[in-house]
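To start, the structure itself, in structure tokens.
There are 2 protein chains.
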Amino acid sequence: VLTKGESTKQAILDRALFIASTDGLEGLSIGGLARDVGMSKSGLFAHFHSKEQLQLDTLRHAVERFVGKVIAPALKAPRGEARLRALFDHWLLWERDEFPGGCVVQTAIVEFDDREGPVRSFLLESWRDLVDTVTNILRAGISVGAFRADLDVELCAFELMNIVSGYRRHWRFFRDSDAELLARASLAALLRRARL
Amino acid sequence: VLTKGESTKQAILDRALFIASTDGLEGLSIGGLARDVGMSKSGLFAHFHSKEQLQLDTLRHAVERFVGKVIAPALKAPRGEARLRALFDHWLLWERDEFPGGCVVQTAIVEFDDREGPVRSFLLESWRDLVDTVTNILRAGISVGAFRADLDVELCAFELMNIVSGYRRHWRFFRDSDAELLARASLAALLRRARL
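Residue numbers (my numbering), protein chains in the order written: chain P, 1 to 196; chain L, 1 to 196.
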């Protein structure tokens, strides 16, 4: 159960995610967010203290939501292809429907590729967790005999993430109605290589 | 032969590309660029008139350079796998070495995915030209019997571009020394599927 302060903070972070999705993490300011949620700037400072803390809390909020909406449903599916497909399906929905401008973490990776500091460190750590999750799903598939024992799980995770990035580019940037077809055809080719 | 005005403009655009590579097109301003190249702001306004025009000219400059450094060497290689590999090799070098923060067009695609206007239109057009170039290279490979006649060239182009994006993410963001290994292993898998 959340306290009132905590649930206010969650509501503010929901709004921050929405803004950062289109304007980037750098487009997020305590002043702008305060106006947006109808709070005073000093009220917001009490929650976040600095722009950097706001960026970090927003990213942490995004990662928690991603775990709930993409990772958790995948882990409920049986090991093997079903689990990999569940991950992929929820991930495409996440990129398409969750935020107006797509996943804030993907945007932040471009924004912070050459800016040192805690935001970049947090992104690196989160991405490594994600790679671990994907490779664990692939290894679970190997353990139940769905995927080849000699499958290069690091390469396969790299390729799965590349398909999601390609989907995002086609869907967000080109507004290409074939984005999903291309992504699914690409996944099918990856699965053919991964199978026993 | 370039006139003095043209070669000054080229030198300014070289610098603009350098800045936009790390700061994004939105991080590029006529005032900032003027300070950077040691010209007056009004002198720079005479060349570019507006921030939007500066962004467009910078992108056009990037595309011209990409054609010279990536497309032209690829088209000099024999049709088939050699040409596709030449394209890929020069493209990785482009992402790695050409600018301090990687290709400005890739960054701009994230910056302008939801901003309508001439910059977005130019990016769309340039990207379509690039997709056409890649699919033509694949079709040339089919015509010389290097690739399967039923190869889905659109899908293959999508996947090739996804590998380059993945390389960029691993190299720029994770600073992962395995970035090139992953990208080359991914290309090898793509070529195995494409071959007769």
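Beta carbons: idealized from backbone N, C-alpha and C, even for Gly.
Is residue i close to chain L, meaning its C-beta is less than 8 Å from at least one C-beta of that chain?
i	result
D129/P	no
A149/P	no
R172/P	yes
E159/P	yes
L59/P	no
L124/P	yes
Would you say residue i reaches chain P, if we count a Cβ-Cβ gap shorter than 8 Å as a contact?
i	result
D113/L	yes
I19/L	no
S141/L	Looking at the sequence itself, residue 141/L is Gly, so the reference to Ser does not match. Not an interface residue.
V110/L	yes
L182/L	yes
L196/L	no
L13/L	no
At a CB-CB cut-off below 8 Å, which residues of chain L make contact with residue i?
i	result
S165/P	N162, S165, G166 and R169
G101/P	D113 and D114
T22/P	D114
To which residues of the same chain is residue i closer than 7 Å at the C-beta, ignoring the five residues directly before and after it?
i	result
F174/P	none
I30/P	K41, L44, F45, F48, K51 and L54
D36/P	R15 and I19
H90/P	K69, V70, P73 and A74
R168/P	E95, G102 and Q106
V153/P	T135, L138 and R139
G38/P	none
L151/P	L138, I142 and A194
S7/P	none
For residue i, which residues in the same chain have their Cβ closer than 8 Å to its Cβ, ignoring the five residues on either side in sequence?
i	result
R83/P	A74, L75, A77, I137, A140 and G141
L13/L	D57, T58 and H61
L2/P	Q10
F112/L	L25, V119, R120 and L123
L33/L	I12, R15, A16, I19, L44 and L54
W94/L	F66, K69, V70 and C103
L92/L	V164, Y167, E180 and A183
L28/P	A16, I19, A20, K51, L54, Q55 and T58
A86/P	P73, A74, K76 and A77
Hey, could you find the ends of the alpha helix (DSSP H) residue i is sitting in?
i	result
W127/P	P118 to S143
H61/P	K51 to F66
T8/L	K4 to D23
S165/L	V153 to R168
K41/P	K41 to F48
P73/P	A72 to K76
L84/P	E81 to L93
E180/P	A179 to A194
A34/L	I30 to V37
E111/L	V104 to E111
Would residue i and residue j be called neighbours here (beta carbons separated by less than 8 Å)?
i	j	result
T135/P	A157/P	yes
L160/P	L190/P	yes
I163/P	L187/P	yes
A185/P	L155/L	yes
P100/P	S177/P	no
Ordered along the chain, which non-local residues of its own chain (more than five positions away) have a Cβ less than 6 Å from that of residue i?
i	result
A146/L	G80 and E81
A149/P	I142
V105/L	A62
R172/L	G102
F88/L	L187
V144/P	R79 and G80
Report the neighbours of residue i on chain P: residues whose CB is nearer than 9 Å to its CB, in chain order.
i	result
S186/L	L155, F158, E159 and N162
L138/L	Those do not exist, as L138/L stays about 15 Å from chain P at its closest Cβ, beyond 9 Å.
In chain L, which residues lie less than 9 Å from residue i when you measure between Cβ atoms?
i	result
R65/P	Under the 9 Å cutoff, chain L gives no residues; its nearest Cβ is about 20 Å from R65/P.
A62/P	Correct list: empty, because the minimum Cβ distance to chain L is about 16 Å.
L92/P	What L92/P touches in chain L: nothing, since even the nearest Cβ is about 14 Å away.
List, in chain order, every chain P residue whose beta-carbon is nearer than 7 Å to that of residue i.
i	result
T107/L	V110
L28/L	Within 7 Å Cβ-Cβ: nothing; L28/L doesn't reach chain P, min ~14 Å.
R193/L	A189
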